[in-house]
Amino acid sequence: MNRVQISRSAVILQLATFIAVLLPHLSWLPIWIPLLALAMVGVRLMIHTGRWPFPHWLIKLVLIAASSVGLIISFGGNAGPEAMVALLVLGLALKLIEIYHRRDALILLFVSLFVLATVFLFHESVWVAAYVLLVVWLLLAALCAIHQRPGRTAWLPPFKRAFALLLPALPLMLVLFLLFPRLEPFWSVEISSPRATTGLSDSMSPGDVSDLALSDALAFRVSFDNDQPPVPVQRYWRALVLSQFDGRSWHQASPDQRNRLREEKLITETEPQGYEIVMEPSGMPWLMALDLPVAQAQGQRMTPFRTLVSSAPLDRRTQYRLESVQDYQLQPLLTQQEQQHYLQLPQQGNDRSRALARQWQQDSDGQPERFVRQLMNHFNREFEYTLSPGVLGRDGIDQFLFQTRRGYCEHFAGASVFLLRSAGIPARVVTGYQGGEWNPYENYLQLRQYDAHAWTEVWLEGQGWVRLDPTAAVAPERIESSAVQYFQQRGDTAFSGGRGFRLQADWARQLQQRYEAFNFAWHRWVLNYQSQQTDLLKDWLGGLDYWRMILALMLPATAVVAAVIGWQLRQRLKGVRRDPFERRLQRLQAVLGQQFEERQPSQSMTGWLRALALQWPEQRARLEQLARLDEQQRYARDADQQLRRQMLPLLDQLLRAARERR
Amino acid sequence: MFLADTLRTRLQGRVRRWALKRYPRSRSVTLTQNRIFILPTRAGAGFMLLLILLLLMGVNYENNLIYAITFLAAGVFLVSCLHTYSNLAGIRLQALRGNNCFAGEQAGFELELDHQAGRQPEQIRLQFEQGTPLLVDLEKSSQRLELFCVAPARGWLQPGGLKLETCFPLGLFRAWTWVNLELQALVYPRPLAGELPAPEGGGQSGEASLQQRDGTDDFTGLERFQPGMSLRQIDWKSYARGLGLQAKQFGDQQSPDIWLDLEVCAGNLEQRLSRLTYWVLELSKREQRFGLRLGALELPPEQGENHRYEALKRLALYGRGGQA
Chain A
55 MNRVQISRSA VILQLATFIA VLLPHLSWLP IWIPLLALAM VGVRLMIHTG
105 RWPFPHWLIK LVLIAASSVG LIISFGGNAG PEAMVALLVL GLALKLIEIY
155 HRRDALILLF VSLFVLATVF LFHESVWVAA YVLLVVWLLL AALCAIHQRP
205 GRTAWLPPFK RAFALLLPAL PLMLVLFLLF PRLEPFWSVE ISSPRATTGL
255 SDSMSPGDVS DLALSDALAF RVSFDNDQPP VPVQRYWRAL VLSQFDGRSW
305 HQASPDQRNR LREEKLITET EPQGYEIVME PSGMPWLMAL DLPVAQAQGQ
355 RMTPFRTLVS SAPLDRRTQY RLESVQDYQL QPLLTQQEQQ HYLQLPQQGN
405 DRSRALARQW QQDSDGQPER FVRQLMNHFN REFEYTLSPG VLGRDGIDQF
455 LFQTRRGYCE HFAGASVFLL RSAGIPARVV TGYQGGEWNP YENYLQLRQY
505 DAHAWTEVWL EGQGWVRLDP TAAVAPERIE SSAVQYFQQR GDTAFSGGRG
555 FRLQADWARQ LQQRYEAFNF AWHRWVLNYQ SQQTDLLKDW LGGLDYWRMI
605 LALMLPATAV VAAVIGWQLR QRLKGVRRDP FERRLQRLQA VLGQQFEERQ
655 PSQSMTGWLR ALALQWPEQR ARLEQLARLD EQQRYARDAD QQLRRQMLPL
705 LDQLLRAARE RR
Chain B
11 MFLADTLRTR LQGRVRRWAL KRYPRSRSVT LTQNRIFILP TRAGAGFMLL
61 LILLLLMGVN YENNLIYAIT FLAAGVFLVS CLHTYSNLAG IRLQALRGNN
111 CFAGEQAGFE LELDHQAGRQ PEQIRLQFEQ GTPLLVDLEK SSQRLELFCV
161 APARGWLQPG GLKLETCFPL GLFRAWTWVN LELQALVYPR PLAGELPAPE
211 GGGQSGEASL QQRDGTDDFT GLERFQPGMS LRQIDWKSYA RGLGLQAKQF
261 GDQQSPDIWL DLEVCAGNLE QRLSRLTYWV LELSKREQRF GLRLGALELP
311 PEQGENHRYE ALKRLALYGR GGQA
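If you read the sequences in order, they're chains A and B.
Going left to right, the first sequence walks through residues 55 to 716 as this note's numbering numbers them.
Going left to right, the second sequence walks through residues 11 to 334 as this note's numbering numbers them.
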């Protein structure tokens, strides 16, 4: 049956499906592949209109050879998903010029469906998903079209039929999606290459964080177990601890040094709060955690200074659950070695700052708390918090503290740690994010790159590591609200300049928040459903046994089958009921069949009416007329409806007569 | 694939035997779920393979959207099974009649197919076991069609089981059923040209005598033309004179009748019957009166359509038992 030729409209639908499948791949395919594909579509159209014949096998051979060479040049030995999809797309394009039989069309459509699914390896947005759904509809219509009579060319029927197929399939899909267990990958595959991303780097020099402040790209999103975010001043998202200073930049401790540090002891003073973080791909291994995480999640490592590192760089969006405490004591005792580690400074440079620190140390009688207060007061009185602090040269800290006195958070954090260490107080820089925008529609906190922040931790005798944010002393509003609001209120040109157009009006902001909430929900419930599945199913089914799963699978499937059959039955009944002629004819058969004789299955309507005419002489004329009309009607070609209209009153009269007779 | 095909063929054979045995022959049959079978086609098997590949991709890339499209395709697969089934279900077949033919030709069988309103079964394939397939779309609520079946030998031909199958709408499933319709067609022997078996009485025989007889027919008068008369009898001259259509009457009643006799022919039984058939046709065409003698069976000389049919029927059923 597969050697059947397909209809002309089916050929066009095939071409349309192919183009629709190709479109979302355009973003990454090497340009020659779409061009070749379009050329093939053109060739097929020329064949379709009869201008060109089907190509000679030699031409096909040359095309196959050329595209193989092209593939090797474009992808080399890299056999990732890109190469696979490119190969399939090329195969489809070359198959296009030989679709003629149903079998060719079937292969084309099946492979198209596969290529369509691979779109999700590259794009995962709601819009792409909606688009793919539409293309599935088109593909099904094309599949219907190749199975209809080759002479049929109407466009609508295949689409209608495909819709009727797709609609009941949607609930089935939903049920399967919810219940189907998510398996571990059978073998490891290469995920498509990471995109260029912005984010925190593993060192901090002046200007690094303020660069990030110019980006409003999403960094991560957090939803809390009790839907209650911590107050703004407590929203410190810890990513890295930088303890090594080289005179200009702050770095993480080297692996050697890290091995010598003990894991810092955490004494919690409140109940931990659970939350879930969805991190955008950063290309870096470090993870965000609310100050301070109690334990790491699966696939993560906790550093000695309580930051989290993933086992692999984050090339895709990553979701994990953590618990954090807000009141704690961290490492109440420091060893000599650790003290030294956190007092490290270059031998020379920034002499004026060192002198200042020594002077403050004397002023505070060697009490670290007083030193800290002095430091904060100093920043508060004479410093400006800005995104455009100017360029710092050698002895940057001196320059910052005594000349420019303008800086962003990394300047304040770096200078603070330098001063503290100069005064013999162990301190370190912590980078991460601070603040976040609460989305009330989906109840989550959203942090963007401009929320990037740097602060310090100072070790105090008896208290352990204490968070100290010099930015809070300079610009408390920054900590309480957000960087955007702070700079917008102050009309900082550097800030608004880098960011371009931004929605200001209230309704526009709400709209944007709703849209973002929707995106977040999409990510949480669809893209990353596996992390919700267990809890959700436990909630719904009250447990996760086999029989519960099977029951849950069977019930909706049965419901769908019943619904489809019911719908068809209804259509059938409606069809009978709708036609007044058929209805009356049936009633007449029933009534007269009871009174005289049943119509035998082998008896024609006409024959039966004639037989009745002999038994019921009073109505003989009518019965015979009806028989004649019925005969005409059955053998007529076109006058169908008109004859029926003539028969209707006759039927009514006979029915009435039959009732009176009774 | 080979194994699958063998299995499929065997299964279909078994289904055919079962269905034909279970349901008696009848004039009219409505297709219900009791008798419709449904299995994936080869394309359906390919689709299942595609589903597995999609699922593998979803699992390996841990991509929930690929899971989703896999499940959607699986849903469509199941729904298409229902569609294919309902494309066949509810169709009512009614046997109308079998059209007689000659052995070696295709016998036509007329059926009427109707279905419930509100649906349009498409691409239904009907085929008798030995017959030619026919693909139909039932666009009207009832439709007549003629199916052909090879008629290898003379006698009554019963076309055997009628297979209805459909792969519509997606070609992923094939629904099929067997019905046993009460239909039969009379198959006449295959005409075989040859010499005229000697007529009764006189020494005249063969072609020459016929020619002569034609020439000696006496013109007896004109009669009003009736539909069914030969056009050759029309007297065009009187028509030209405005007297309407008149038919010439010849006095051939007086000429001796021709007897076609099985005994006179040469060859084996079938060949003799074939030759007689040829002459029955030939003489009917020439509007000659003839009689038929098949052993003890005798059909008196007569002329006309009915006579021709009677003669052919006797020839078809000669020696085939008391079905005449």
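For every residue, glycine included, the Cβ atom is placed at its ideal position computed from N, Cα and C.
Everything numeric in this text was worked out from a predicted model, so none of it was measured.
Asked	Found
Pairwise C-alpha distance: B/Y328 and A/K214	57 Å
Reference A/Q566, options A/A529, A/V520, A/Q500, A/T612, closest by Cα	A/Q500
A/D452, buried or exposed, once every other Cβ within 10 Å from all chains shown has been counted against 16	buried
C-alpha distance - A/R223 paired with B/L82, whole-angstrom precision	The identity of residue 223 of chain A in the sequence shown is Ala, whereas the question assumes Arg. Spanning the two alpha carbons is a distance of roughly 6 Å.
7 Å Cβ cut-off: residues of chain A touching B/I76	A171, F174
Nonlocal neighbours in the same chain, by C-beta distance under 6 Å from A/D279, ignoring five residues either side	G328
7 Å CB neighbourhood of B/P201 in its chain, flanking five on each side removed	F112, S284, T287, Y288, L291
9 Å Cβ cutoff, A/I619 in contact with chain B	yes
B/S240, buried or exposed, once every other Cβ within 10 Å from all chains shown has been counted against 16	exposed
Proximal residues of chain B, C-beta to C-beta of A/A223 below 7 Å	L82, G85, V86, V89
B/F178 - DSSP class collapsed to helix/strand/coil	coil
Continuous alpha helix (DSSP H) stretch holding A/W209: start and end	Here A/W209 belongs to no alpha helix (DSSP H), and DSSP marks it neither H nor E.
Beta-carbon spacing of A/P204, A/I66 below 9 Å	no
Within chain B, partners of A/A183 - CB distance below 7 Å	L75
Beta-carbon proximity check, A/L708 vs A/R682, cutoff 9 Å	no
Distance CB(A/L226)-CB(B/L21) smaller than 9 Å	no
Neighbouring residues, chain B, relative to A/W241 (Cβ below 7 Å)	N70
Cβ neighbours of B/D147 in the same chain (closer than 8 Å, five flanking residues each side left out)	Q130, P131, E132, Q133, I134
Through-space distance from A/W519 to A/L399, alpha-carbon basis	19 Å
A/L639, enclosing alpha helix (DSSP H) - first and last residue	634-649
Alpha-carbon to alpha-carbon, B/I268 and B/G212	Confidence at B/G212 is low in this model, with a pLDDT of 43, below 50, so the placement of that residue should be treated as unreliable; the coordinate-derived value is given next. So the two alpha carbons sit approximately 10 Å from each other.
Other residues of its chain near A/Q584: CB distance less than 7 Å, five sequence neighbours each side excluded	R236
Cutoff 9 Å: B/A185 Cβ touching any chain A Cβ	no
Neighbour-count burial assignment, A/L146, 16 or more Cβ in a 10 Å radius	buried
Of the listed residues A/S297, A/N434, A/L376, A/Q503, nearest to A/E334 (C-alpha basis)	A/Q503
DSSP-derived helix/strand/coil call for A/V379	coil
Continuous alpha helix (DSSP H) stretch holding B/N109: start and end	From DSSP, B/N109 is part of no alpha helix (DSSP H) but of the beta strand (DSSP E) over 102-109.
Contact with chain A by B/D15, beta-carbon distance below 9 Å	no
Range covered by the beta strand (DSSP E) that runs through A/H507	506-514
Start and end residues, beta strand (DSSP E) containing B/C159	152-160
Within chain B, the residues that A/F234 reaches when beta carbons sit closer than 8 Å	Y77, F81
C-beta atoms of A/S442 and A/S264 nearer than 9 Å	yes
Close-in-space but distant-in-sequence residues of the same chain around B/L220 (CB under 6 Å, 5 per side omitted)	Caution is warranted here: a pLDDT of 48 is assigned to B/L220, below 50, making its placement in the model unreliable, and the coordinate value is therefore given only provisionally. Closer than 6 Å at the Cβ level, and outside the excluded window around B/L220, lies no residue.
B/F47: first and last residue of the uninterrupted alpha helix (DSSP H) it sits in	Run containing B/F47: none in the alpha helix (DSSP H); it sits in the beta strand (DSSP E), 47-50.
Pairwise C-alpha distance: B/E120 and B/G154	Going by the sequence as given, residue 154 of chain B is Arg instead of Gly. Spanning the two alpha carbons is a distance of roughly 7 Å.
Residue from A/L115, A/E652, A/I151, A/C198 whose Cα sits closest to the Cα of A/I101	A/I151
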